[in-house]
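Report on the structure given below.
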Amino acid sequence: MREGFGSKFGVLVALAGSAVGLGNFWRFPYLMGQNGGAAFIILYIAFACLLCLPIFIAEFIIGRRAQQNAHSAFIALHPSKAWGKAGILTILTPFVILCFYSVIGGWSVFYMLKSFTLSFTTTGSQTEIADIFTNFVSDPWTPIVSLLMFIVAVCYIVAKGVKGGIERYSKVMMPVMFVLVLLIAIYSCRLDGAQQGLSYMFRPDFSKLNADVCLKALGQAFFSLSLGSGVIMTYASYVSKGDSILKHSVYTVIADLLFAVIAGLAIMPAVFAFGLEPGSGPGLVFEALPYIFSQMPAGAIVAILFFIALLLAALSSAISQLEAVVAWLVEEKKMSRVRSSVLVSCAATIFAVLCSLSFGVLSDIRIFGMTIFDTFDYVSSNILLTVMSLIIVLFVGWKMSRQDVYDEFTNSGTLAQNVRIFRLIYFLVRYVAPVAVITVFLAGIIL
Ligand code: PHE
Numbered sequence: 033m034r035e036g037f038g039s040k041f042g043v044l045v046a047l048a049g050s051a052v053g054l055g056n057f058w059r060f061p062y063l064m065g066q067n068g069g070a071a072f073i074i075l076y077i078a079f080a081c082l083l084c085l086p087i088f089i090a091e092f093i094i095g096r097r098a099q100q101n102a103h104s105a106f107i108a109l110h111p112s113k114a115w116g117k118a119g120i121l122t123i124l125t126p127f128v129i130l131c132f133y134s135v136i137g138g139w140s141v142f143y144m145l146k147s148f149t150l151s152f153t154t155t156g157s158q159t160e161i162a163d164i165f166t167n168f169v170s171d172p173w174t175p176i177v178s179l180l181m182f183i184v185a186v187c188y189i190v191a192k193g194v195k196g197g198i199e200r201y202s203k204v205m206m207p208v209m210f211v212l213v214l215l216i217a218i219y220s221c222r223l224d225g226a227q228q229g230l231s232y233m234f235r236p237d238f239s240k241l242n243a244d245v246c247l248k249a250l251g252q253a254f255f256s257l258s259l260g261s262g263v264i265m266t267y268a269s270y271v272s273k274g275d276s277i278l279k280h281s282v283y284t285v286i287a288d289l290l291f292a293v294i295a296g297l298a299i300m301p302a303v304f305a306f307g308l309e310p311g312s313g314p315g316l317v318f319e320a321l322p323y324i325f326s327q328m329p330a331g332a333i334v335a336i337l338f339f340i341a342l343l344l345a346a347l348s349s350a351i352s353q354l355e356a357v358v359a360w361l362v363e364e365k366k367m368s369r370v371r372s373s374v375l376v377s378c379a380a381t382i383f384a385v386l387c388s389l390s391f392g393v394l395s396d397i398r399i400f401g402m403t404i405f406d407t408f409d410y411v412s413s414n415i416l417l418t419v420m421s422l423i424i425v426l427f428v429g430w431k432m433s434r435q436d437v438y439d440e441f442t443n444s445g446t447l448a449q450n451v452r453i454f455r456l457i458y459f460l461v462r463y464v465a466p467v468a469v470i471t472v473f474l475a476g477i478i479l
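Read in order, the letters of the sequence shown correspond to residues 33 to 479 in my numbering.
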């Protein structure tokens with residue numbers, strides 16, 4: 033018998049665990065602030081509902097219909113060589129993401145451990161604290177040891193299986209992370225001068241919305257929802273046939289957005305309260321925040337809580353990436369779960385080490401002008417996710433029979449709510465999504 037998730041709550045935390053990750057912590061708050069505040073949220077929600085949700089549902093349908101790993105799912109539902117080949121991307125994409133994601137996961141491990149030594153409270157000026165980061169990433173060994181610790185943890189959880197590993201740990205990690213981020217957000221919003229951060233995030237500015245911002249919002253939504261990575265398909269294949277695909281999909285989209293906003297509330301008010309610039313990415317989380325922690329009352333404790341939360345977010349996303357590849361090896365190559373987890377983790381480690389070194393000794397190696405790390409990030413986030421999403425909507429909209437899609441989405445007509453909105457979803461998947469995805473892809477390349 034194929035293993036599956038044991039409960040609806042298990043499905044929710046696993047899917048939300050995959051979606052909520054580094055993307056929510058270091059990209060969303062900044063993107064929002066830069067691109068129109070509340071106007072950006074409205075745009076983001078519109079994209080999430082009209083485009084991402086249908087694609088999410090399409091990916092879900094393939095996975096649960098086939099009850100197999102992402103690659104076999106395509107072959108099982110439409111036995112043709114071409115689609116089987118396209119399915120290979122569902123193995124490649126999560127692997128490529130895992131490689132660069134583990135590097136940041138490693139940074140989170142290091143910063144969490146460092147926060148326990150209270151080093152952010154003892155070291156003084158802003159430049160000194162920023163130097164901790166610069167020295168850390170350019171040093172070859174410490175980041176590699178950190179990423180090894182991260183990958184070992186990911187490997188351990190996945191090797192334990194779907195129910196005994198992924199579901200069990202997600203059930204603990206996600207609620208803990210939620211409480212931690214919420215506590216920090218409340219604390220951060222009560223700091224003197226927090227108001228400025230809040231208006232940076234939320235003040236609606238519709239004049240900022242343009243084609244470029246639309247692209248950014250969509251790119252962020254895809255990455256943040258783990259869309260087109262084969263991960264949702266893999267998790268969906270473990271979901272019971274009695275569950276509602278619509279409910280699971282809507283809950284995941286809501287949870288992802290909620291976390292992004294709360295993470296923003298935890299970060300931005302504090303950034304402004306201490307008069308810093310809200311930069312995106314590593315600079316914000318690993319340089320600005322540690323300095324803020326060193327300045328704020330009880331900052332040592334907040335630092336510990338924050339980096340634990342960040343690590344949990346990264347872990348729960350990385351396990352979904354590893355699982356997508358492992359499921360394929362277990363089912364198609366008949367390898368044991370433990371063996372395949374170790375094998376894929378070792379392979380990912382090799383590339384992760386290269387990505388990590390590209391911040392230091394290998395920083396001169398450029399591929400189309402990008403470092404190794406940036407190449408892995410760019411290729412997977414901007415190309416593979418979009419191409420795979422297109423394949424998914426074309427497959428569900430044009431290759432699978434309408435009846436099959438209907439049966440899967442409505443549990444053979446037994447879910448009244450799903451029956452009611454089926455036509456709308458099917459229309460969005462069949463016509464709107466492919467056109468939109470192609471437009472975004474081309475616009476992304478041209479811009
Ligand atoms: N959604 C995750 C994040 O926001 C990243 C991710 C992408 C996870 C693709 C799995 C697959 O960080």
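Built from N, CA and C at the ideal position, the CB exists for glycine as well. Small disclaimer: the values here were computed from a predicted structure and weren't measured.
> Quick one: what's got a C-beta closer than 6 Å to I423's C-beta in the same chain, skipping five residues either side?
Replying inline: A118
> Could you give the uninterrupted runs of the alpha helix (DSSP H) lying entirely in the stretch 199-244, keeping only those of 4 residues or more?
Replying inline: 200-221, 226-234
> Apart from the five residues just before and just after I123, which ones in its own chain have a Cβ nearer than 6 Å to its Cβ?
Replying inline: H103, V357, W360
> Around ligand 1, what residues have a beta-carbon under 6 Å from a heavy atom of it, in chain order?
Replying inline: S50, A51, G53, L54, G55, N56, P126, I129, F255, S256, S258, S261, V263, S349, S352, Q353
> Taking the alpha-carbon positions, what's the R96 to G156 distance?
Replying inline: 53 Å
> Exposed or buried, which one is M33 when buried takes at least 16 other CB atoms within 10 Å?
Replying inline: exposed
>> Along the chain, where does the alpha helix (DSSP H) containing T159 start, and where does it finish?
In response: 158-170
>> Just to confirm, is the Cβ distance from L342 to S220 under 8 Å?
In response: no
> With distances taken from CA atoms, which of W139, I74, W58, N67 is nearest Y232?
Replying inline: N67
> Leaving out five residues before and five after A468 in sequence, what residues of the same chain have Cβ atoms less than 7 Å from its Cβ?
Replying inline: L83
>> Tell me whether the stretch 133-149 and the stretch 446-462 touch, counting them as touching only if at least three CB pairs, one residue from each stretch, are closer than 8 Å.
In response: no
> In terms of residues, what are the limits of the alpha helix (DSSP H) holding N450?
Replying inline: 448-459
> If you draw a straight line from the C-alpha of S373 to the C-alpha of A380, how long is it?
Replying inline: 11 Å
> Buried or exposed: where does P86 fall if 16 or more other Cβ atoms within 10 Å of its Cβ makes it buried?
Replying inline: buried
> Could you give the residue range of the alpha helix (DSSP H) that holds N56?
Replying inline: 54-58
> If you count every other CB in all the chains shown that lies within 10 Å of the CB of N167, and 16 or more means buried, which is it?
Replying inline: exposed
>> For I397, list the residues DSSP reports as bridge partners.
In response: None; I397 has no bridge partner.
> According to DSSP, is M432 helix, strand or coil?
Replying inline: coil
> Near G369, which residues of its chain fall below 7 Å by C-beta distance, leaving aside the five closest residues on each side in sequence?
Replying inline: According to the sequence displayed, residue 369 carries Arg and not Gly. Contacts found: A191, G193, V358, V362.
> Can you list, in chain order, the residues of its chain whose CB lies under 8 Å from that of V411, leaving out five sequence neighbours each side?
Replying inline: V128
> Does the beta-carbon distance from L394 to S261 come in below 8 Å?
Replying inline: no
>> Tell me the rounded alpha-carbon separation between M206 and A46.
In response: 8 Å
> Contact check, H280 vs L44 under 8 Å by CB: the rounded distance?
Replying inline: 7 Å
>> Taking DSSP's pairing of strands, which residues face M402 in a bridge?
In response: I399
>> Is the beta carbon of I161 closer than 8 Å to that of Y323?
In response: yes
> From which residue to which residue does the alpha helix (DSSP H) around M420 run?
Replying inline: 417-426
> Can you name, in chain order, every residue of its own chain whose Cβ lies under 8 Å from the Cβ of T442, other than the five neighbours on each side?
Replying inline: N450, V451, F454
>> Taking the alpha carbon of L250 as the reference point, which residue from A90, I73, I294 has its own alpha carbon closest?
In response: I73
> Three-state secondary structure (DSSP) at E309?
Replying inline: coil
>> Applying the 10 Å Cβ sphere with the 16-neighbour rule, what's the burial state of G53?
In response: buried
> How big is the Cα-Cα spacing for F405 and W115?
Replying inline: 30 Å
> Within 8 Å (strictly less), CB to CB, does G36 reach chain D?
Replying inline: Absent from the structure is chain D; it holds one protein chain and no more.
> When burial is assigned at 16 or more other CB atoms within 10 Å of the CB, is F254 buried or exposed?
Replying inline: buried
> Beta-carbon separation of A90 and V428 under 8 Å?
Replying inline: yes
> Nearest CA to the CA of R222: which residue from P301, G36, R434?
Replying inline: P301
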